[in-house]
Amino acid sequence: MSTDREHHLDENQLLWAVVEEAELPLPLREHLSACPQCSANKEMIEQDLVRMGQMAERLSPSPRRRVSLPVEKAHRSIQWSWGWRACMGAVAATALILIITWWSPTTRTTHRDNANMLALEMQEAEQLMTEVGRLVENALPYMYSDISTESNATLDEEFMQFVIPSIEDEILSYDLEKGGVWLC
Amino acid sequence: MNQKQNHARVSDSGSQIAPVVEQARAGSRTAFEQLVDLFQGDIFRMAYYRTRSSMDAEDLTQEIFMQAFKNLDRLRMAERFRGWLFKIALNRIRDFNRKKKFRALFGALDDNDKVAQPYGERSDRAEALDKLMIQDFWKQVGMFLDKLSRMEREVFMLRFMDHLSIKEISQAMGKSESTVKTHLYRSIEKFKKEHSMRQFLQEATA
Chain A
0 MSTDREHHLD ENQLLWAVVE EAELPLPLRE HLSACPQCSA NKEMIEQDLV
50 RMGQMAERLS PSPRRRVSLP VEKAHRSIQW SWGWRACMGA VAATALILII
100 TWWSPTTRTT HRDNANMLAL EMQEAEQLMT EVGRLVENAL PYMYSDISTE
150 SNATLDEEFM QFVIPSIEDE ILSYDLEKGG VWLC
Chain B
0 MNQKQNHARV SDSGSQIAPV VEQARAGSRT AFEQLVDLFQ GDIFRMAYYR
50 TRSSMDAEDL TQEIFMQAFK NLDRLRMAER FRGWLFKIAL NRIRDFNRKK
100 KFRALFGALD DNDKVAQPYG ERSDRAEALD KLMIQDFWKQ VGMFLDKLSR
150 MEREVFMLRF MDHLSIKEIS QAMGKSESTV KTHLYRSIEK FKKEHSMRQF
200 LQEATA
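These protein sequence lines map, in sequence, to chains A and B.
Following numbering that gives the first Met the number 0, the numbering of the first sequence begins with 0 at its first residue and continues without gaps.
Following numbering that gives the first Met the number 0, the numbering of the second sequence begins with 0 at its first residue and continues without gaps.
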């Protein structure tokens, strides 16, 4: 710290002081403010830069005509009002289309129509459920019912009984052969 | 005007003009005209330094203010108006110079360009001054600026010729403050070595 305060700013530090003094560490800034030699070196560069800026300004022409602004506000309001009108027109057209659609005979539905439609739908649903019930009982189409086993179920049972007698029948016939008693 | 006065002008401008900018943003034409009065000279000179033609500078100034007028509602912080205006100016002048170079490639320089002879244009204010000195000055400045990189040149001009603060330069160029300072450091380092130019400046203002 003390060495920073004692030594003069080097070239690099001096240039940073010109760029922005706040970039320097505090001890160097303190030295700069206290040291006449370093301050003079810094000011010399700064003054040359200021001179250049001043001369450039002095040796430049002045603008001869004033900047003219367009009649922007009025123009803008006209444009805006046209835009507004177009927007309102679009909204009105949309509303008109919606109203026409709403009141047209094709989409217009009364309460009575709704009730009739409901009854019709219920009737259709009932028919559908009847059909479903029939299919649950016998899913075969009518044309197959004659050849299916379902229609001759009783005959088949008698026939099967004849072909393959039950165990009880076998026992009964065995007893008869051995001189048993007729039970039926 | 010394360095301290320059700094004061730069640092105070933002807060001073903020109410006027707010009024202009609210649609007050009078307020915007006030801003034109405040900055027309700065913008004109900025364009002149970079084109060395008062006719081009006048046209550019007009275009820059028109652009600012149209886009003022995009400016978020009123106190940053100056940096914002210089940003528009920088972009506009860069476009102008690019087009000019492109035209020069095909030898299509118009009369306006031919008038823009470097270091030779005189102004009404400078009529009393020695023509040789004016030419010498711009020659010296031109030679020095040619030694700088594009970024160094832009930062140096914005700081010491257009009198912008580092913060305003950062805003106008879209670079960080530390980048601006680094380029400023390098340009001042080169300026310090320009002994003949510095001697000329000291003699001219003695």
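Don't be surprised by glycine CBs; every beta carbon is placed ideally from N, CA and C.
Predicted model only: the values in this text are computed from it and were never measured.
Item to check | 8 angstroms contact criterion, which GLU176(B) and SER169(B) should meet: CB distance rounded | outcome: 5 angstroms
Next on the checklist: I need the DSSP call for ILE163(A), collapsed to helix, strand or coil.
Outcome noted: Coil at ILE163(A), not helix or strand.
Item to check | Exposure of THR50(B), with buried meaning 16 or more beta-carbon neighbours within 10 Å | outcome: buried
Item to check | Contacts of GLY82(B) in chain A (Cβ-Cβ under 7 angstroms) | outcome: Those do not exist, as GLY82(B) stays about 17 angstroms from chain A at its closest Cβ, beyond 7 angstroms.
Checklist entry - By how many angstroms is the C-alpha of GLU62(B) removed from the C-alpha of GLN139(B)? => result The straight-line gap from Cα to Cα measures roughly 30 angstroms.
Next on the checklist: Is there a C-beta anywhere in chain B that falls below 8 angstroms from the one on GLU29(A)?
Outcome noted: Not flagged as an interface residue toward chain B: GLU29(A), since no C-beta distance is shorter than 8 angstroms.
Checklist entry - Is the CB-CB distance between GLU78(B) and SER14(B) below 8 angstroms? => result yes
Checklist entry - Since GLY141(B) is in the alpha helix (DSSP H), which residue starts that stretch and which ends it? => result 130-145 is the span of the alpha helix (DSSP H), which, as asked, contains GLY141(B).
Checklist entry - What residues from chain A crowd round VAL154(B), counting only those whose CB sits closer than 8 angstroms? => result Simply none; closest approach about 10 angstroms.
Checklist entry - Does the distance from the C-beta atom of ILE16(B) to that of LEU59(B) stay below 8 angstroms? => result In this structure, LEU59(B) does not lie closer than 8 angstroms to ILE16(B) by Cβ.
Checklist entry - Going along the chain, which residues of its own chain have a beta-carbon closer than 8 angstroms to the beta-carbon of VAL179(B), five neighbours each way excluded? => result VAL154, ILE165, ILE168, SER169 and MET172
Checklist entry - Tell me which same chain residues have a C-beta within less than 7 angstroms of the C-beta of HIS182(B), skipping the five on either side of it? => result MET150, GLU151 and VAL154
Checklist entry - Tell me which same chain residues have a C-beta within less than 8 angstroms of the C-beta of GLU20(A), skipping the five on either side of it? => result So the qualifying residues of the chain are ARG28 and LEU31.
Item to check | Any C-beta of chain B under 8 angstroms from that of GLU19(A) | outcome: At a cut-off of 8 angstroms between C-beta atoms, GLU19(A) counts as an interface residue with respect to chain B.
Next on the checklist: Assuming contact is defined by CB atoms lying nearer than 8 angstroms, are PHE190(B) and LEU58(A) in contact in what I supplied?
Outcome noted: no
Checklist entry - Which one of LYS130(B), LYS146(B), LEU200(B) and THR29(B) has the shortest CA to CA distance from VAL70(A)? => result THR29(B)
Next on the checklist: For a test of the three-state rule: what should DSSP assign to ASP47(A), helix, strand or coil?
Outcome noted: DSSP places ASP47(A) in helix when its eight states are reduced to three.
Checklist entry - Taking C-beta to C-beta, are PRO60(A) and TYR47(B) nearer than 8 angstroms? => result yes
Checklist entry - When the cut-off is 8 angstroms and only beta carbons count, does ASP24(A) lie next to chain B? => result For clarity, residue 24(A) is Pro in the given sequence; the question names Asp instead. No, no contact with chain B.
Checklist entry - Which whole runs of the alpha helix (DSSP H) in the stretch 4-56 of chain B are 4 residues long or more, in chain order? => result Every alpha helix (DSSP H) of 4 residues or more that sits fully in the stretch 4-56 of chain B is shown, in chain order, as 28-50.
Checklist entry - What's the C-alpha gap between TRP102(A) and ILE96(A)? => result Approximately 10 angstroms between the Cα atoms of the pair.
Item to check | Beta carbon proximity, ALA114(A) to chain B, threshold 8 angstroms | outcome: Judged by the 8 angstroms Cβ criterion, ALA114(A) is not in contact with chain B.
Item to check | Contact set between TRP83(A) and chain B, taken where Cβ atoms lie within less than 7 angstroms | outcome: Simply none; closest approach about 17 angstroms.
Checklist entry - Leaving out five residues before and five after GLN122(A) in sequence, what residues of the same chain have Cβ atoms less than 7 angstroms from its Cβ? => result none
Item to check | Helix, strand or coil at ASN137(A) [DSSP, three-state] | outcome: Three-state result, ASN137(A): coil.
Item to check | Where ALA203(B) meets chain A, residues with beta-carbon distance less than 9 angstroms | outcome: ARG50 and MET54
Checklist entry - Within 8 angstroms (strictly less), CB to CB, does LEU8(A) reach chain B? => result no
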